[in-house]
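Protein chains in written order, with our numbering: chain A, 9 to 353; chain B, 380 to 556; chain C, 23 to 269.
In what follows, a structure is listed as structure tokens, so that the remarks can point back to it.
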Amino acid sequence: MKKLMKGNEALGEGAIQAGCGAYFGYPITPQNELTEYMSRRMLEEKRVFIQSESELAAINMVFGASVAGARAMTSSSSPGVSLKQEGLSYMAGCELPGLVVNVQRGGPGLGNISGSQADYFQAVKGGGHGDYHLIVLTPGSVQEMYEMPALAFTLSEKYRTPAMILTDGILAQMQEPMEQVKIDSSRAGDRDWILDGCKGREPRKIRSLLMEEGALEAHNLHLQAKYDMIRKQEQRYQLINEQAEIMLVAYGISARVCYTAMQEANKKGSQIGLLRPLTVWPFPEKILQELAPKIKAFLVIELNAGQMIEDVKLAVNGKTPVHFYGRSGGGCVTPGEILREIEKI
Amino acid sequence: MREELIIAGFGGQGIMFTGTLLSQAAMIEGKFVTYFPSYGAEVRGGTANCSVTIADTIIGSPVITSPDSLIILNKPSLDKFSPRLKKGGLLVLNSTLIEDEIKESNRQVVHIPATDIAEKIGQIKVANIVALGKYLAIRKIVSQESIFQALEALLTGKKKELLELNRKALAAGFEYQ
Amino acid sequence: MKKLFFKPESLTDTDHKYCSGCGHGIVHRLVAEVIDELGIREKTIGIAPVGCAVFAYDYWNFDVTEASHGRPPAVATGIKRFLPDRVVFTYQGDGDLAAIGMAETIHAANRGENITVIFINNAIYGMTTGQMAPTSLLGMKTTTSPFGRDAKLAGYPIRVGELLATLEGTTYLARCAVDSAKHVLEAKKAIKKAFEVQLAEKGYSLVEILSQCPPNWKMSVPESLEYVRKEMMTQFPLGVIKDKTKV
């Protein structure tokens with residue numbers, strides 16, 4: 009049976025169904041309903057919930073719960089996610105799984121509370137200090153908000169690196185019918201690194217400080233080999249109208265607007281397609297490389313001044329023109345605006 | 380079929396509930412529906428609004444730029460949203476709180492004293508539901524049966540006692556000429 | 023012949039990298055002895071700070087994680103809430119605990135987290151080679167207070183134990199020193215008590231230990247011990263600051 013649910017709440021319930029054992033959060037609009045939802049549901053499920061004193065504390069609580077073997081998560085919106093970058097860098101360095109949700113709002117600075125996609129660079133290029141990546145998933149509907157936490161936890165555990173769900177204020181605040189499908193909550197990856205007391209085994213340590221000569225370089229090479237494997241194995245996307253002349257490229261809320269624009273254009277006889285990345289790191293570069301020779305042009309649509317377009321251009325590598333249209337500061341693109349951009353090509 | 384509706388008024392006039400109720404009814408009928416509210420500091424002390432899109436195919440963005448219809452419960456919301464209404468669109472306004480007599484050649488304007496009617500029913504807080512009833516009588520975007528079913532789905536537990544009042548308000552809106 | 027001195031099981035064979043006269047090595051050993059005596063080595067998880075004690079994970083023979091600067095209380099909270107039957111403690115210096123990590127410190131204490139905090143107060147940043155700490159004494163010369171700590175410029179040395187004592191969430195707070203055999207024994211007693219509080223699920227415990235840092239204080243070891251006794255103990259009086267278990 010379908011249920012009308014808000015994006016924020018669907019994400020919370022999805023995480024709970026996925027076996028999230030510990031949630032730590034700090035209020036910030038437009039993700040408050042998620043923290044509020046968890047404050048009730050996690051206690052009902054007899055799991056760990058804490059309203060932390062800051063986003064910094066929250067991500068470090070996630071660090072601790074992850075060290076102890078929990079499926080742990082936190083959520084915030086753009087300014088709060090900036091504060092979490094320290095913890096994410098340490099988690100990447102320590103190879104700890106965990107989930108961070110970014111319900112993006114307008115920036116820079118305190119910005120505003122409208123939906124935005126301006127944190128793309130921060131999400132996919134590392135975000136904190138050091139040479140690392142997060143696995144970044146981008147839901148496009150309330151249904152996907154519900155289903156993606158399980159995938160995020162699984163990938164995060166499989167590769168022992170933190171994952172992010174990158175969404176926005178519009179998807180998080182909107183409601184639409186969703187099916188509460190059964191979620192697989194089984195844990196992935198080895199558990200031979202968890203700190204739960206050294207009974208019956210040698211003591212373990214978890215650290216990212218590697219001062220011995222050459223140790224940090226070796227560790228970085230190990231991390232990069234892991235990231236390469238993720239790039240090879242985990243690129244995810246949805247492709248509509250493969251035979252299109254012009255391919256729209258967008259994720260999350262922008263992809264939804266693109267979908268409407270595509271339908272309207274195709275009704276009038278155009279050949280428009282839509283490539284929607286479901287992972288923006290690893291970026292679905294393989295499909296872009298395959299499409300490039302067959303497509304007249306790509307049109308990248310984002311709620312920012314042009315960030316994902318850089319990854320599209322890198323993948324296409326000059327073989328096909330790549331155009332851009334976006335709005336920043338909390339403005340949302342409209343189907344009409346996209347149609348106008350299509351006509352310009 | 381595709382209907383884009385914005386409902387707007389003061390915070391406390393039940394704007395969000397009206398939108399959720401209609402969305403629930405659309406879902407009961409198996410239609411595609413999205414609901415998008417104003418939120419956060421935007422709503423504090425001022426106007427509230429929500430956008431409901433109902434269609435028989437997948438809906439892209441839940442954000443509505445030019446609505447097909449408006450349900451407007453107060454004057455500031457009229458000033459804000461009226462210019463965005465499509466040509467040929469429907470404007471249902473609460474004439475108890477909006478004194479302007481509006482007539483337009485290319486848009487359908489319906490005045491309903493929703494707050495007065497609600498007061499007669501016994502609770503001015505259901506003015507929103509009265510206005511929704513009137514809107515549905517004209518637009519028939521969901522059936523009366525579905526909207527009553529939606530009421531039952533949303534008003535559960537302690538809120539169940541409000542069911543009768545809301546039913547009456549809907550009926551009054553449907554019947555108002 | 024009876025063996026009178028032996029290494030606690032909770033210490034590894036790794037040689038310490040601490041400077042001569044430093045108090046860290048003594049406190050590491052006290053913690054290890056207490057953990058051995060309480061028989062909790064196999065269920066203990068320690069959290070090393072950023073600061074001189076960052077390598078503590080090499081010296082203790084039980085599970086240890088490192089935390090970013092100032093965040094050990096948040097990390098401890100995450101571990102302890104998920105595994106409430108394990109023993110969780112943080113080991114932090116004055117910069118980590120009372121400067122960059124003060125928010126985490128106060129809120130973990132205020133929530134009454136059932137954790138133990140070992141707080142080394144040597145009134146200086148040791149690892150970064152001698153900058154002013156939040157607990158540096160007035161007039162104390164450091165590399166970032168070259169004319170001596172001036173209250174107008176840098177405020178006053180923070181008395182962490184007394185500050186936390188006002189919070190209802192704290193259970194046991196004590197201040198000790200490791201300048202003499204007598205004080206070392208008292209410090210061990212306080213550390214043991216703090217862990218016992220946690221084992222009895224009575225809530226937050228913190229032991230502040232005044233320690234000496236001869237190289238960064240630019241003193242000989244005997245001079246540094248004298249400084250602890252004369253100057254540090256005046257600003258930071260020793261003793262049990264709060265003990266709710268006795269109420």
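Here a beta-carbon is modelled for each residue, glycine too, at the ideal position from N, C-alpha and C.
These figures come from a predicted structure and were not determined experimentally.
Does the separation of the CB atoms of residue i and residue j fall below 8 Å?
i	j	result
B/LEU452	B/ASN507	yes
A/VAL288	A/MET316	yes
A/ASN312	A/GLN93	no
B/PRO416	B/CYS429	yes
A/GLY106	A/MET81	yes
A/ALA252	A/ILE295	no
A/LEU91	A/GLU63	yes
A/GLY95	A/ILE67	yes
C/LEU160	C/ALA145	no
A/ILE280	A/ILE350	yes
C/GLU230	C/GLY183	yes
C/GLU214	C/VAL56	The amino acid occupying residue 214 of chain C in the given sequence is Lys; Glu does not appear at that position. Yes. Within cutoff.
A/GLY77	A/ARG212	no
A/LEU6	A/ASN249	As displayed, chain A neither begins before 9 nor continues past 353, which places residue 6 of chain A out of reach and without an answer.
Considering Cα atoms alone, identify which of the options is closest to residue i.
i	options	result
A/TYR167	A/GLU155, A/LEU142, A/MET153	A/LEU142
C/ILE263	C/LEU105, C/LEU185, C/LYS204	C/LEU185
A/ALA73	A/GLU63, A/CYS28, A/GLN112	A/CYS28
C/LYS204	C/LYS240, C/VAL72, C/LEU260, C/PRO94	C/LEU260
C/ILE62	A/LEU91, A/ARG239, A/GLY205	A/GLY205
A/ALA258	A/GLY334, A/SER84, A/ALA158	A/GLY334
C/ARG133	C/LYS102, C/CYS74, C/ALA173	C/LYS102
C/GLY191	C/PRO106, C/ASP58, C/PRO94, C/ASN136	C/ASN136
B/LYS547	B/SER525, B/GLN502, B/LYS465, B/VAL521	B/GLN502
C/ARG51	C/MET254, C/TYR147, C/PRO168, C/LYS211	C/LYS211
A/ARG49	A/GLU61, A/PRO38, A/GLU21	A/GLU21
A/GLN39	A/GLU61, A/ASN110, A/LYS10	A/ASN110
B/GLU483	B/LEU464, B/ILE491, B/ALA510	B/LEU464
B/PRO455	B/THR444, B/GLN523, B/LEU476, B/SER440	B/LEU476
Under 8 Å Cβ-Cβ, which residues of chain A neighbour residue i?
i	result
B/PRO455	Here the premise fails: no neighbours, minimum Cβ distance about 20 Å.
C/HIS38	Ordered by position in chain A, no residue passes the 8 Å Cβ test against C/HIS38, which lies about 15 Å from the chain.
C/HIS129	SER60, GLU61, ALA65
So residue i contacts chain B; which residues on that side make the cut at Cβ distance below 9 Å?
i	result
A/LEU174	Under the 9 Å cutoff, chain B gives no residues; its nearest Cβ is about 18 Å from A/LEU174.
A/TYR267	ILE437, ILE438, GLY439, SER440
What residues of chain C sit near residue i, judged by a beta carbon separation below 8 Å?
i	result
A/LEU256	Going along chain C, no residue has its Cβ under 8 Å from A/LEU256, so there is no contact; the nearest lies around 41 Å.
A/ASN228	The contacting residues do not exist; A/ASN228 stays about 17 Å from chain C at best.
A/LEU218	Correct list: empty, because the minimum Cβ distance to chain C is about 11 Å.
Beta-carbon within less than 7 Å of residue i's beta-carbon, same chain only, minus the 5 sequence neighbours each way: which residues are those?
i	result
C/VAL243	SER42, GLY43, PRO236
A/LYS321	VAL330
A/SER262	GLN125, ILE309, GLU310, LEU311, VAL341
A/MET13	VAL150, GLN183, MET186
C/THR164	ILE146, GLY152, GLN153, MET154, SER158
A/GLU165	PRO105, ARG195, ALA196, GLY197
Given residue i, which residues of its chain have a CB within under 6 Å of its CB, disregarding the five upstream and five downstream residues?
i	result
B/LEU401	VAL431
C/GLU208	CYS198
A/SER216	TYR98, GLY101, CYS102
A/PRO292	GLN243, TYR245, PRO285
C/ASP85	ILE67
B/MET380	ASP435
Using the beta-carbon of each residue, which ones in chain B are nearer than 7 Å to residue i?
i	result
A/LYS10	MET406
Excluding the 5 residues preceding and the 5 following residue i in the sequence, name in chain order all residues of the same chain whose CB lies nearer than 8 Å to its CB.
i	result
A/THR268	PRO343
Just the chain A side, please: which residues come within less than 9 Å of residue i by C-beta, in chain order?
i	result
C/PHE28	Those within 9 Å of C/PHE28 in chain A number zero; the least Cβ separation is about 19 Å.
C/ALA145	The contacting residues do not exist; C/ALA145 stays about 24 Å from chain A at best.
B/THR426	In chain order: nothing, as chain A lies at least about 16 Å away.
Under 7 Å Cβ-Cβ, which residues of chain C neighbour residue i?
i	result
A/PRO105	Ordered by position in chain C, no residue passes the 7 Å Cβ test against A/PRO105, which lies about 13 Å from the chain.
A/GLY72	ALA96, VAL97, ALA98, THR99, GLY100, ILE101
A/ASP204	LEU105, ARG108
Using the beta-carbon of each residue, which ones in chain B are nearer than 8 Å to residue i?
i	result
A/ARG212	Chain B residues near A/ARG212: none, gap ~44 Å exceeds 8 Å.
Who are the neighbours of residue i on chain A, taking C-beta pairs under 7 Å?
i	result
C/TYR79	LYS213, ARG215
B/VAL412	GLU184, PRO185
Listing by chain order, which chain C residues have their CB less than 9 Å from the CB of residue i?
i	result
A/TYR98	GLU88, ALA89, SER90, ARG93
A/GLU94	SER90, HIS91, ARG93
| said: What ranges does the alpha helix (DSSP H) occupy inside the stretch 150 to 214 of chain C, keeping only unbroken runs of at least 4 residues that lie completely in it? | reply: 173 to 176, 182 to 187
| query | Unbroken beta strand (DSSP E) runs of length 3 or more, entirely within the stretch 152 to 196 of chain A: which are they? | reply | 171 to 176, 183 to 187
| task | Would you list, in sequence order, the uninterrupted beta strand (DSSP E) runs of no fewer than 3 residues that lie entirely inside the stretch 213 to 248 of chain C? | result | 226 to 232
| message | Extract the residue ranges of the alpha helix (DSSP H) inside the stretch 69 to 155 of chain C, only unbroken runs of 4 or more that lie entirely within it. | response | 78 to 81, 94 to 104, 124 to 132
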